[in-house]
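These notes concern the structure reproduced below.
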Amino acid sequence: MVARIQTNQTQGAVTRYEEAFAQFERDHSAPAWLQAKRREAIATFSRLGFPTVRDEEWKYTDITPAANLVATPIFQFELNGAAAKVRTQLPFQALEGHRLAFVNGHFAPDLSHVGTLPEGVEVRPLSEALAAGSERVQQAFGRSVNGEETFVALNTAFAQDGAFIFVPADVELAEAVHLLFLTTGDSATVSHPRNLILLGQNAKLTVVESYSASTDGVYLTNAVTEIESGAGAHLEHIKAQLESPKAFHISTTQVGAARDSQLRSSSLNLGGRIVRNNPIAVMQGENAEVTLDGLVLTDNEQLIDNHTTMDHAEPHCASHELYAHVLNDKSVGVFNGKIFVRLDAQKTDAKQSNRTILLSGDATINAKPQLEILADDVRCTHGATIGQLDENAQFYLQARGIPAREARSILIRAFAGEVLASITLDAVRDEMEERISNKLQ
1 MVARIQTNQT
11 QGAVTRYEEA
21 FAQFERDHSA
31 PAWLQAKRRE
41 AIATFSRLGF
51 PTVRDEEWKY
61 TDITPAANLV
71 ATPIFQFELN
81 GAAAKVRTQL
91 PFQALEGHRL
101 AFVNGHFAPD
111 LSHVGTLPEG
121 VEVRPLSEAL
131 AAGSERVQQA
141 FGRSVNGEET
151 FVALNTAFAQ
161 DGAFIFVPAD
171 VELAEAVHLL
181 FLTTGDSATV
191 SHPRNLILLG
201 QNAKLTVVES
211 YSASTDGVYL
221 TNAVTEIESG
231 AGAHLEHIKA
241 QLESPKAFHI
251 STTQVGAARD
261 SQLRSSSLNL
271 GGRIVRNNPI
281 AVMQGENAEV
291 TLDGLVLTDN
301 EQLIDNHTTM
311 DHAEPHCASH
321 ELYAHVLNDK
331 SVGVFNGKIF
341 VRLDAQKTDA
351 KQSNRTILLS
361 GDATINAKPQ
371 LEILADDVRC
381 THGATIGQLD
391 ENAQFYLQAR
401 GIPAREARSI
411 LIRAFAGEVL
421 ASITLDAVRD
431 EMEERISNKL
441 Q
């Protein structure tokens, strides 16, 4: 049993969530199995409490402001005709394919579009799948993630909606699926999106998961995405965190890679006041290959914390990881990347790289690459570099008539391009390049 010593502030926050859960249970019926999971999760959350900087895993990230956010969980929500107003603020509008939109944590059909799907493919709101009594959802919900983590437990207790995607064996969904999460309104809110993505043997899928806002207000997004692949499956997953400058964003993405599967997940972070991402990949079958890439671009006093885990549970697997940070003003970046090679995971090939450019003398990066290797026939490398922009390269550009600000922007975009280059969707890559340029102005 694990319990944390809580401050008076964080203990008060735990109590408020317990009271909110009691109201949530009274107002919302659920299948017996889900109700049991929710009750177990709130009990786990109550026991664990919120992490503090005394916890090694949260050493550089004080989550107290997010924990103490006096906000109202939105249990029911309707756009009430506001769809046309927010439609112009949606990210990746040029992206073709299917879209499931969620506003303040609830499905927004007026902003969603799902076209013709191959036989057996499901792309629908999780709430709809739950209402239909989906056995797939019941069997897979919570199966992958660590229920003994505070924010996962909190999400499980309050999760109402999100996306459910199922692609059966030997089926390719050619068009991308965009899971769009938008926060609106001036009042402080909390939402707990839950996504469940299941791929059968040799299935192929591309998913874009975006988080943004039509408000500059304060709010908390606590998201959990579970991804399970069958043998030989191919997945491209892109998570774009574009939250408001005052927002708190916590996310856990758990990826299970079966035998011969190839999974790539890219985490792109431009927004948020305090952000914590926990991408976790478990290689569960031989010859699985997983890539976790990340881009962080911060200014002002933003704090973005990425804690990644590559868990090599089976032999003959490969993992690749590149995280690039560009930190300006008084912003803070945290990178804690762990490669874990289990006892029988021989012939593992794991590579990790963390690169940081500091644009200000007041910006800070806390980097902690980790290797835990229990097997003896492996090839694992990791490294971290920290520096400033190349003055010679900047001088070269300026000598050819390019203004200093533009020269700097060109070099930063080239640095970020190492991560963006792997994204196959032109609409996503192009918009992210534009957003980066705008942030650098």
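Each residue of the sequence shown is one higher than the one before, starting from 1 at the first, in the numbering used here.
C-beta atoms are modelled at their ideal positions from N, C-alpha and C, and glycine is treated no differently.
These numbers come from a predicted model, not from an experiment.
* Exposure of A404, with buried meaning 16 or more beta-carbon neighbours within 10 Å -> Mapped onto the sequence shown, residue 404 falls at position 404. Burial call: exposed.
* Asked: Since D170 sits in a beta bridge, which residues does DSSP pair it with?
  -> Walking along the sequence shown from the start, residue 170 turns up at place 170. Answer is none; D170 lacks a bridge partner.
* Asked: Just the Cα atoms here: how many angstroms apart are N278 and G401?
  -> Along the sequence shown, read from residue 1 onward, the residue named residue 278 stands at position 278. Along the sequence shown, read from residue 1 onward, the residue named residue 401 stands at position 401. For N278 and G401, the distance between alpha carbons rounds to 43 Å.
* In DSSP terms, what V290 is bridged to -> Looking up residue 290 in the sequence shown gives position 290. Looking at the DSSP assignment, V290 forms a beta bridge with L263 and S319.
* To do: Please name the residue or residues paired with H249 in a DSSP beta bridge.
  => Here residue 249 is taken as the residue at index 249 of the sequence shown, counted from 1. According to DSSP, H249 bridges with T221 and V275.
* Cβ neighbour criterion (16 or more within 10 Å) applied to H237 -> The residue given as residue 237 occupies position 237 in the sequence shown. By the neighbour-count rule (16 or more Cβ atoms within 10 Å), H237 is buried.
* According to DSSP, which residues form a beta bridge with Q11? -> Your numbering for residue 11 matches position 11 in the sequence shown. Answer is none; Q11 lacks a bridge partner.
* Where does S265 land, buried or exposed, given buried means 16+ other C-beta within 10 angstroms? -> For the purposes of this step, residue 265 is identified with residue 265 of the sequence shown, where counting begins at 1. Buried: at least 16 other Cβ atoms inside 10 Å.
* Are there 16 or more other CB atoms within 10 angstroms of the CB of D161, so buried, or fewer, so exposed? -> Counted from its first residue, the sequence shown places residue 161 at position 161. D161 is buried by the Cβ-count criterion.
* Can you tell which of E418, E321, V123 and L268 has the C-alpha that lies nearest to the C-alpha of A176? -> Taking the sequence shown and counting its residues from 1, the one referred to as residue 176 is at position 176. Residue V123 is the option with its Cα nearest to A176.
* To do: Pick helix, strand or coil for T183, following the three-state DSSP scheme.
  => Against the sequence shown, residue 183 aligns to sequence position 183. T183: strand per DSSP, three-state reduction.
* Asked: When DSSP labels each residue in this structure, what does A427 get in the three-state scheme?
  -> What you label residue 427 is simply residue 427 of the sequence shown in a count that begins at 1. The answer is helix: DSSP assigns A427 an H, G or I state.
* Three-pair Cβ contact test at 8 Å for the segment 281-297 versus the segment 306-316 -> yes
* **C-alpha distance - A174 paired with A213, whole-angstrom precision** => On the sequence shown, position 174 is the one that residue 174 refers to. On the sequence shown, position 213 is the one that residue 213 refers to. Taking the straight line joining both Cα atoms gives about 28 Å.
* To do: Could you check the C-alpha separation between R408 and Q394 for me, to the nearest Å?
  => Locating residue 408 in the sequence shown gives position 408, counting from the first residue. Locating residue 394 in the sequence shown gives position 394, counting from the first residue. R408 and Q394: Cα-Cα distance of roughly 6 Å.
* At what residue ranges does the segment 103-157 contain a whole run of the beta strand (DSSP E), taking only runs of 3 or more? -> 122-125
* **Endpoints, beta strand (DSSP E) assigned at P369** => Within the sequence shown, numbered from 1, the residue matching residue 369 stands at position 369. Where P369 is concerned, the enclosing beta strand (DSSP E) stretches over T364 to I373.
* State the DSSP-derived secondary structure class of V2, mapped to helix, strand or coil. => Sequence index remark: in the sequence shown, residue 2 carries index 2 (1-based). Note that V2 scores 46 on pLDDT, short of 50, meaning its location in the model is unreliable; the coordinates nonetheless yield the value given after this. Here V2 sits in coil by DSSP.
* Asked: Once you ignore the five residues that flank P245 on each side, which residues in its own chain have a CB closer than 8 Å to its CB?
  -> Residue numbering aside, residue 245 sits at position 245 when the sequence shown is read from its first letter. Within the same chain, P245 has close Cβ partners D216, G271, G272, R273, N300 and Q302.
* List the endpoints of the continuous beta strand (DSSP E) containing L358. => Residue numbering aside, residue 358 sits at position 358 when the sequence shown is read from its first letter. Counting along the chain, the beta strand (DSSP E) containing L358 begins and ends at D349 to L358.
* Exposure of E56, with buried meaning 16 or more beta-carbon neighbours within 10 Å -> The sequence position of residue 56 within the sequence shown is 56, counting from 1. Answer is exposed; the Cβ neighbour count stays below 16.
* When V103, V190 and P109 are compared against A20, the one with the closest alpha-carbon -> Position 20 of the sequence shown, counting from 1, holds the residue named residue 20. Among V103, V190 and P109, the Cα nearest to that of A20 is on V190.
* To do: Measure the C-alpha to C-alpha separation of A32 and Y17 and round it to an integer number of angstroms.
  => Residue numbering aside, residue 32 sits at position 32 when the sequence shown is read from its first letter. Residue numbering aside, residue 17 sits at position 17 when the sequence shown is read from its first letter. Their Cα atoms are separated by approximately 22 Å.
* **Spatial neighbours of A140 in its chain, beta-carbon cut-off 8 Å, leaving aside the 5 residues before and after** => In the sequence shown, residue 140 corresponds to position 140, counting from 1. Cβ within range, chain order: L196, L198, E226 and E228.
* To do: Since I believe T252 is in contact with V224 (beta carbons under 8 Å), could you give me their beta-carbon distance rounded to a whole number of angstroms?
  => Taking the first residue of the sequence shown as 1, we reach residue 224 at position 224. Taking the first residue of the sequence shown as 1, we reach residue 252 at position 252. Confirmed, about 5 Å.
* Of the residues K37, E314 and E286, which one's Cα is nearest the Cα of I373? -> Position 373 of the sequence shown, counted from the start, is the residue given in the question as residue 373. Selected option, being the one with the closest Cα: E314.
* **Whole-angstrom distance between N328 and G185, CA atom to CA atom** => Taking the sequence shown and counting its residues from 1, one reaches residue 185 at position 185. Taking the sequence shown and counting its residues from 1, one reaches residue 328 at position 328. Computed Cα separation, rounded: 29 Å.
* To do: Check whether the segment 315-326 touches the segment 35-52, taking contact to mean three or more Cβ pairs, one atom from each stretch, closer than 8 Å.
  => no
* Would you call the CB atoms of A258 and G230 closer than 7 Å? -> The residue labelled residue 258 in the question sits at position 258 within the sequence shown. The residue labelled residue 230 in the question sits at position 230 within the sequence shown. Their beta carbons are under 7 Å apart, which means A258 touches G230 by this criterion.
* To do: Below 7 Å CB to CB, which residues in the same chain sit around G142 once its five sequence neighbours on both sides are set aside?
  => As a first step, residue 142 is located in the sequence shown; it is residue number 142 there, counting from the start. If we look at G142 and ignore the five residues flanking it on each side, its Cβ neighbours are K37 and T156.
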